[in-house]
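Beneath this line is the structure, given in structure tokens, with notes to follow.
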Amino acid sequence: MGRIKEISRKSAYRRKRNPVVYLICEGTETEIRYFKRFRSRGFHIDIIPIPSQYKAADRLVQKVRSTIGTNPYYPDEGDMIWCVFDRDENSDGSLQKAKQTAMREGYRLAYSNPSFELWFLLHFVNQKAEIADCQSVIRMLKQTGRLERYEKSQDVYDQLKPLQESAIRYAKERVRTLKEEKLEIICRQSNPVTTVADLVEYLNSRR
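Residue 138 is where the sequence shown starts when you use our numbering, and the numbers rise one by one after that.
Dropping the structure here:
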């Protein structure tokens, strides 16, 4: 595939366009269904699930440009790239390589440990204790009064939206606590943590 085009405003005359937010997701259902609901007239969200062979965190971030292919990318006009991924089986080395590549390329990371469903869970409870894995998060999410019939293929945006401010607050408090304790966010030991709140705040700000 061709490399993503980085073209400045001065390079060519073009009709005014809305910014594009590229979301590079390792998930094929949950993340895609959720983030589609943030689309608006003010900007375009292009959600791109990555091929299975690139799901390791470092490979996901390294393959952003080839994954997007020849789609235009104008960061000077507000275009942005976010990589959305979970802890999964990633080693700390893989996670750090992903972070370093993102910093070098100007990408943003929406990282969840242990899984993306932690973001959903935070809409109901200020989770601070470690959670073993994705299935454990889902069992907690399906408790009475939460998303009792949750499935990965389900659109839960409307159920979560009234509780979104609380989830953002809990997520950011946890990140702040880890930083105060001098602990790395993008690592296996940060469990539980999610920086999806940063992405949600960003998307909300562009509406």
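Glycine is no exception: its CB is placed at the ideal position from the N, C-alpha and C atoms.
None of these values were measured; they are calculated from a predicted model.
Using a Cβ-Cβ cutoff of less than 6 Å, which residues in the same chain neighbour residue i once the five nearest sequence positions on both sides are dropped?
i      : result
Asp232 : The sequence as given places Leu at residue 232; Asp does not occur at that position. Taken in chain order, the residues that qualify are Ala194, Ile323 and Cys324.
His260 : Leu297, Leu300 and Ala304
Leu336 : Trp219 and Ala247
Thr238 : Val198 and Gln199
Kindly indicate which three-state DSSP category residue i falls into: helix, strand or coil?
i      : result
Glu143 : Note that Glu143 scores a pLDDT of 47, beneath 50, so its modelled location is shaky and nothing firm can be said.
Pro156 : coil
Pro186 : strand
Phe180 : strand
Pro329 : coil
Phe222 : strand
Ile161 : strand
Tyr211 : coil
Taking its Cβ as the centre, do 16 or more other Cβ atoms sit within 10 Å of residue i, making it buried, or is it exposed?
i      : result
Pro366 : The structure shown does not extend to residue 366, since the chain spans only 138 to 344, so no value can be given for it.
Ser252 : buried
Arg276 : exposed
Asn227 : buried
Lys200 : buried
Asp292 : exposed
Asp216 : buried
Ala224 : What sits at residue 224 in the sequence shown is Arg, not Ala. It is buried - the Cβ of Arg224 has at least 16 other Cβ atoms within 10 Å.
Glu168 : buried
Report all residues from its chain with a CB closer than 8 Å to the CB of residue i; omit the five preceding and five following residues, and keep chain order.
i      : result
Glu166 : Lys289 and Ser290
Leu197 : Ile161, Glu163, Ile187, Tyr191, Cys220, Phe222 and Ala235
Glu100 : There is simply no residue 100 to check, as the chain begins at 138 and stops at 344 in what is shown.
What residues in its chain sit with their C-beta under 7 Å from that of residue i, if we drop five residues either side in the sequence?
i      : result
Val99  : A question about residue 99 goes unanswered here, because the residues of the chain that appear run from 138 up to 344.
Ser327 : Asn250, Leu315, Leu320 and Glu321
Arg176 : Ile182
Val274 : Pro251, Ser252, Glu254, Leu255, Leu258 and Ile268
Lys173 : Ile184
Met240 : none
State yes or no: is the beta carbon of residue i nearer than 8 Å to at least one beta carbon in chain C?
i      : result
Gln272 : Although the question refers to chain C, the structure presented lacks it and comprises just one protein chain.
* Entirely within the stretch 225 to 301 and at least 4 residues each: give me those alpha helix (DSSP H) ranges in chain order. => Whole alpha helix (DSSP H) segments, 4+ residues: 229 to 242, 254 to 258, 271 to 278 and 294 to 297.
| Is it true that the stretch 296 to 315 meets the stretch 196 to 216, where meeting means three or more beta-carbon pairs spaced less than 8 Å apart? | Verdict: no, contact absent.
Any contact between the stretch 264 to 271 and the stretch 279 to 288? By contact I mean 3 or more CB pairs, one from each, below 8 Å.
No: the two stretches stay apart, fewer than three of their Cβ pairs being nearer than 8 Å.
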